[in-house]
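Enquirer:
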Amino acid sequence: MTFKRIVLPLSVVTAAGLLLAGCSVGSAVNDAGSTASETTITSSSTSSSGSSSSESDSTTTATSFTGDLSPEEVMAANADYTTVNDDEWDESDAVDVTLDGDTASSDSSGVEVDGSTVTITEAGVYRLSGTLTGSVVVAAPDDAQVVLILDGADIANSDGAAIDIQTADDVAIFLADGSDNSVSDAASYADDADAKAAIHADTDLTISGTGSLTVVGNGNDGISSTDDLVILSGNITVTAADDALRGKDSLVVEGGTLDLTAAGGDGLKSDQEDDETKGYILVTGGTITIDSGDDAIQAQTDTVITGGDFTLTAADHAVQAEQILSIGGGTILVEASNEGMQAISIGIYAGDIDITASDDGINAAGINTGGSDRETDTGERLEVYGGTITIDAVKDGLDSNGSIVITAGTLDITSADNGGDGPLDANGTVTIAEGTVTANGSVVDPDSAGTSGGPGGGQMGGGSTGGGGRPGSGS
């Protein structure tokens, strides 16, 4: 039997509810669907003491969701991230470090000054103020917690990273109230350089405070950590030659106002490839504006969004995850992109999403199919359980190499309608059980959605479309 790829163009999803000949009607609800209740969403962070998971300061009352693509379930499968909260140290303990051109001074035994290089060698709280043409290095014991208070600090290094955090347990950068701070680095780096960012950390790094920080990554990234990078608060502007913010193990944004320009790379990036519980991006709050030369948001594993206000412009994807994209809140405006959102498995439970794309709006794709053609159902999942979604796409509105499930929400899709591309395009099943779906100006009757007869296709009969193991892994 030959199976045909089914695209649901305007001619199929008219208000008259005509069915494509030979197709079944999908009306079942995936059992991984959402059950909503009022609850308290907490971030899965670990205090710097490493004792136990602690509740984030950004804890808010919101709607909780169930299902293997829900934010709660996705984050439960990932490793905790480490945060240095503001209540873990005392600003009154700070020792002053005065930056003065190409030198600096301090009365602390934990500060060493060698020409224009200032090195922090002990645990503690350090207040940096003034102007330095050079670098600040943290080389503290492996069990040390170091807090750098930037209080009117301007650090520029033409030979490398401006702030180079080499050794410590955890490090925090705190932006003092009312302060304006700036950091910039070299125009280029050697290929074998360890630090390739204006602010580089080989430790977990937390940034907080109410002051402002302007970062110029002339040679590569703006702010980068090889472990966890957590933004709790602050007014942060980053202009980078490559990635604006990079946390290799994880990148978490709980608050703050971020204005990010990544000329040749990604705005938010996490790229740990060796541990499937890391390499994720979590955003629970904040106001985030990104203009990127590649992806605005790019995670090696999962991207989870439960809050925040986003304005995104991307040369490629606005939001991408190599595994799961889970959205449980927030306002996401994609002003321009190639594809708006892409992941192997996508679960949208809440939020206000508005996408403009020159290709597909939201695309479930990425499983290695071993050379199968574009008409084969390869198991990807695109599932909508709520939210308001507006898409203006040149090609497909919603596109899945596997299945599409819509059980709630309001969707307004403008897209191609040519038999090859359409508002709803799936290699496998398309199920519209509930919700309001408008495709190219016509309301889609929930009973009118056809399904393909591809492998694993046919009528969706109430079982989960996901197999065993991690969703989207193909395992």
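Mind the numbering: the sequence shown is residues -21 to -1, 1 to 454 in mature numbering (1 follows the signal peptide of the UniProt record, and there is no 0), read in order.
By construction, the Cβ of each residue, glycine as well, lies at the ideal position given by its N, Cα and C atoms.
#1: Using the C-alpha atoms, what's the distance from G201 back to I269?
#2: Tell me the residue span of the beta strand (DSSP E) that contains A336.
#3: Within its chain, find whatever has a CB closer than 6 Å to the CB of D75; leave out the 5 residues flanking it on each side and keep chain order.
#4: Assign D66 to one of three DSSP states: helix, strand, or coil.
#5: Which same chain residues end up closer than 6 Å to V97 when comparing Cβ atoms and leaving out the 5 residues on each side of it in sequence?
#6: For the alpha helix (DSSP H) containing V53, list its first residue and its last residue.
#7: Provide the residue span of the beta strand (DSSP E) that contains V248, from first to last.
#8: Any contact of the segment 234 to 251 with the segment 62 to 79, i.e. 3+ C-beta pairs under 8 Å?
#9: Touching or not, the segment 84 to 104 and the segment 123 to 130, by the rule of three or more beta carbon pairs under 8 Å?
#10: Counting only runs that start and end within the segment 63 to 142, where is the alpha helix (DSSP H) found for 4 or more residues in a row?
#11: To which residues does DSSP link T146 through a beta bridge?
#12: With a cut-off of 8 Å on the beta carbons, I'd call I210 and E233 a contact; round off their distance for me.
#13: Relative to the alpha-carbon of V297, which residue among E252, T263, G265 and K248 has its alpha-carbon at the smallest distance?
#14: Is D254 near the ligand GTP, going by C-beta to nearest heavy atom under 7 Å?
#15: Let's test the definition: count the other Cβ atoms within 10 Å of the Cβ of D69 and tell me whether it reaches 16, buried, or not, exposed.
#16: My guess is that L208 and L237 are in contact by the Cβ rule of under 8 Å, so how many angstroms apart are they, rounded?
#17: Just list the beta strand (DSSP E) runs in the segment 171 to 209, keeping only unbroken ones of 3 residues or longer that don't cross its boundaries, in chain order.
#18: Output yes or no for whether 8 Å exceeds the beta carbon distance between A412 and A372.
#19: CA-CA distance, H179 and P425?
#20: May I have the straight-line CA-CA distance separating G326 from T310, to the nearest angstrom?
#21: D59: which of I134, T256 and Q302 sits nearest, CA to CA?
#22: Please work out which residues of its chain come closer than 6 Å, Cβ to Cβ, to Q277, disregarding the five sequence neighbours upstream and downstream, and give them in chain order.
#23: What residue range does the beta strand (DSSP E) around N419 cover?
#24: Assess, as a yes-or-no matter, whether the segment 159 to 169 is touched by the segment 42 to 51 under the definition of 3 or more beta carbon pairs within less than 8 Å.
#25: Does DSSP classify Y168 as helix, strand or coil?
#26: For Q277, which three-state DSSP category applies?
#27: Is it buried or exposed for E51, if we count other Cβ within 10 angstroms and need 16 for buried?
#28: Suppose you measure from the CA of T369 to the CA of Q145; what does that come to, to the nearest Å?
#29: What is the rounded straight-line gap between the Cα of D93 and the Cα of D156?
#30: Is the CB-CB distance between G131 and S108 below 8 Å?
#31: To the nearest angstrom, report how far apart I323 and D133 are at their CA atoms.
#32: At 3 residues or longer, and completely inside the segment 353 to 412: list those beta strand (DSSP E) runs for me, N to C.
#33: Using the beta-carbon count (16 or more within 10 Å), is P402 buried or exposed?
#34: Does DSSP put F44 in a helix, in a strand, or in coil?
#35: Excluding the five sequence neighbours on either side, which residues of its own chain have a C-beta within less than 8 Å of the C-beta of T112, listed in chain order?
Expert: With the given structure in hand:
#1: Start at 1 with the first residue of the sequence shown, and residue 269 comes out as number 290. Start at 1 with the first residue of the sequence shown, and residue 201 comes out as number 222. If you take the alpha carbons of I269 and G201, they lie about 13 Å apart.
#2: Residue mapping note: residue 336 aligns to position 357 of the sequence shown, counting from 1. Unbroken beta strand (DSSP E) run through A336: S324 to A336.
#3: Translated into positions along the sequence shown, residue 75 becomes position 96. So the list reads R106, once near-sequence residues are dropped.
#4: Residue mapping note: residue 66 aligns to position 87 of the sequence shown, counting from 1. Of the three classes helix, strand and coil, the one that applies to D66 here is helix, per DSSP.
#5: On the sequence shown, position 118 is the one that residue 97 refers to. Closer than 6 Å at the Cβ level, and outside the excluded window around V97, lie A83 and V115.
#6: As a working note, residue 53 is residue 74 in the sequence shown. Start and end: P50 to A55.
#7: Locating residue 248 in the sequence shown gives position 269, counting from the first residue. At residue 248 the sequence reads Lys, which differs from the Val that was named. Start and end: L247 to S249.
#8: no
#9: yes
#10: none
#11: On the sequence shown, position 167 is the one that residue 146 refers to. In the DSSP output, where bridge partners are listed per residue, T146 has A118.
#12: For this step, residue 210 is matched to residue 231 along the sequence shown. For this step, residue 233 is matched to residue 254 along the sequence shown. Between E233 and I210 the Cβ distance is about 7 Å, and since that is below 8 Å, they are a contact.
#13: Within the sequence shown, numbered from 1, the residue matching residue 297 stands at position 318. A small fix is needed here, since residue 297 is Ala in this sequence, not Val. With distances taken between Cα atoms, A297 lies closest to K248.
#14: Of the ligands one can find in the structure shown there are none, so the ligand GTP has no counterpart to examine.
#15: For the purposes of this step, residue 69 is taken as residue 90 along the sequence shown, with counting starting at 1. Classification of D69: exposed, given that the 10 Å Cβ count is below 16.
#16: Taking the sequence shown and counting its residues from 1, the one referred to as residue 208 is at position 229. Taking the sequence shown and counting its residues from 1, the one referred to as residue 237 is at position 258. About 12 Å; that fails the 8 Å criterion.
#17: Segments of the beta strand (DSSP E) lying fully in the segment 171 to 209: 176 to 180, 183 to 188, 191 to 196 and 200 to 204.
#18: Along the sequence shown, read from residue 1 onward, the residue named residue 412 stands at position 433. Along the sequence shown, read from residue 1 onward, the residue named residue 372 stands at position 393. Going by C-beta atoms, A412 is not nearer than 8 Å to A372.
#19: Locating residue 179 in the sequence shown gives position 200, where the first residue counts as 1. Locating residue 425 in the sequence shown gives position 446, where the first residue counts as 1. Looking at the two C-alpha atoms, the distance is approximately 51 Å.
#20: Mapped onto the sequence shown, residue 326 falls at position 347. Mapped onto the sequence shown, residue 310 falls at position 331. Taking the CA atoms as reference points, G326 sits about 16 Å from T310.
#21: As a first step, residue 59 must be located in the sequence shown, where it is residue number 80. Comparing Cα positions, the closest option is T256.
#22: Position 298 of the sequence shown holds residue 277. Only D245, K248 and Q299 meet the Cβ criterion.
#23: Here residue 419 corresponds to residue number 440 of the sequence shown, with the count starting at 1. DSSP places N419 outside any beta strand (DSSP E), giving it a letter other than H or E.
#24: No, because fewer than three Cβ pairs between the segment 42 to 51 and the segment 159 to 169 fall closer than 8 Å, the two stretches do not touch.
#25: Within the sequence shown, numbered from 1, the residue matching residue 168 stands at position 189. Reduced to three states, the DSSP call for Y168 is coil.
#26: Along the sequence shown, read from residue 1 onward, the residue named residue 277 stands at position 298. Of the three classes helix, strand and coil, the one that applies to Q277 here is strand, per DSSP.
#27: Position 72 of the sequence shown holds residue 51. With 16 or more Cβ atoms within 10 Å of its Cβ, E51 is classed as buried.
#28: As a position in the sequence shown, residue 369 is number 390, starting the count at 1. As a position in the sequence shown, residue 145 is number 166, starting the count at 1. Roughly 45 Å separates the two Cα atoms.
#29: Counting from one through the sequence shown, the residue named residue 93 turns up at place 114. Counting from one through the sequence shown, the residue named residue 156 turns up at place 177. Straight-line Cα distance between these residues: approximately 30 Å.
#30: Here residue 131 refers to the residue found at position 152 when the sequence shown is read from its first residue. Here residue 108 refers to the residue found at position 129 when the sequence shown is read from its first residue. In this structure, S108 lies closer than 8 Å to G131 by Cβ.
#31: Translated into positions along the sequence shown, residue 323 becomes position 344. Translated into positions along the sequence shown, residue 133 becomes position 154. CA-to-CA, the gap between I323 and D133 works out to about 43 Å.
#32: 360 to 372, 377 to 379, 382 to 393, 403 to 405 and 409 to 411
#33: Indexing the sequence shown from 1 puts residue 402 at position 423. So P402 ends up on the buried side.
#34: Along the sequence shown, one-based indexing puts residue 44 at 65. The answer is coil: DSSP assigns F44 none of H, G, I, E or B.
#35: Working through the sequence shown from its first residue, we reach residue 112 at position 133. Spatial neighbours of T112 in its own chain (CB-CB distance under 8 Å, excluding positions within 5 residues in sequence) are listed in chain order as G80, D81, S95, A135, N136 and S137.
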